[in-house]
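Peer 1: Have a look at this one before I ask anything.
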Amino acid sequence: MFARRTILTGFAAALLAGCQTTAQTASAVAIGAIRVDTGPLAAKGQSATAAAIRPMLERELAGLRTAGRGGATLEVTVTGLYLTSYAGGQAVTLGNDTLESEARLIGADGREIARYPILAIMAPSYGGAWYRPDVDQRRIEALVASNAQWIRRAVGG
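What follows is the structure, given as structure tokens:
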């Protein structure tokens, strides 16, 4: 009969072995172009918000461009935005704000090099005071900045 410590140690080792992944070396890929598609978000009835998010995300990711025309293309598709109900304070917050996207690196030959699902999750209070008239705009800006930061981290920029 196994001791409890042996069983727990074996379980922990198996869990850690299952969590290990092979990291793709995306940092070696020079990015020549960045494309942001907010069409899926617009198709969900959020066309005005999708139109506002696109230039924000392009601006946030512009620093990743490291190559000329011959480099890879970073394609980002924004697939979802959820702003929870918020009126200030923890007691009335019904969840977190989220911005979902997918970043893909496409090589100069058209092959997909890497794909990264990205989900930025933030408390609605990151947009500042709930009673200001531009609170939703600031919440979206905070989500876009967070999403771009996760994309930069994923592609090694």
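Under mature numbering (1 follows the signal peptide of the UniProt record, and there is no 0), read the sequence shown as residues -23 to -1, 1 to 134, first letter to last. Virtual Cβ for every residue (Gly too), placed ideally from N, Cα, C. Note that the structure is a prediction, hence the values are computed from the model and not measured.
(1) Sorry if obvious, but does the Cβ on Ala25 come closer than 7 Å to a heavy atom of the ligand NAP?
(2) Within its chain, find whatever has a CB closer than 7 Å to the CB of Ala68; leave out the 5 residues flanking it on each side and keep chain order.
(3) Would you list the residues sitting across from Thr50 in a DSSP beta bridge?
(4) Does the stretch 4 to 20 come within contact of the stretch 49 to 57, defined as at least 3 CB pairs closer than 8 Å?
(5) Should Gly105 go down as buried or exposed, given a rule of 16 or more other Cβ atoms within 10 Å for buried?
(6) Taking Cβ positions, are Gly87 and Ala49 nearer each other than 8 Å?
(7) Between Ala7, Ile128, Thr61 and Trp107, which has its C-alpha nearest Gly47's C-alpha?
(8) Ordered along the chain, which non-local residues of its own chain (more than five positions away) have a Cβ less than 6 Å from that of Gly40?
(9) Considering Arg31, what are the terminal residues of the alpha helix (DSSP H) in which it resides?
(10) Looking at C-alpha atoms only, which residue of Ser62, Tyr59, Ile30 and Leu96 is the closest neighbour of Glu77?
(11) Give the DSSP-derived three-state secondary structure of Ser123 in the structure shown.
Peer 2: According to the structure shown:
(1) Although the ligand NAP was asked about, the structure shown includes no ligands whatsoever.
(2) Because the pLDDT at Ala68 is just 46, under 50, the model does not fix this residue reliably, and the value given afterwards should be weighed accordingly. So the list is empty, once near-sequence residues are dropped.
(3) DSSP, once it has assigned bridges, lists Ala10 and Ile83 as partnering Thr50.
(4) yes
(5) Around the beta carbon of Gly105, a 10 Å sphere encloses fewer than 16 other beta carbons of the protein chains shown; the residue is thus reported as exposed.
(6) no
(7) Ala7
(8) none
(9) Ser24 to Leu38
(10) Leu96
(11) Note: Ser123 maps to helix in three-state DSSP.
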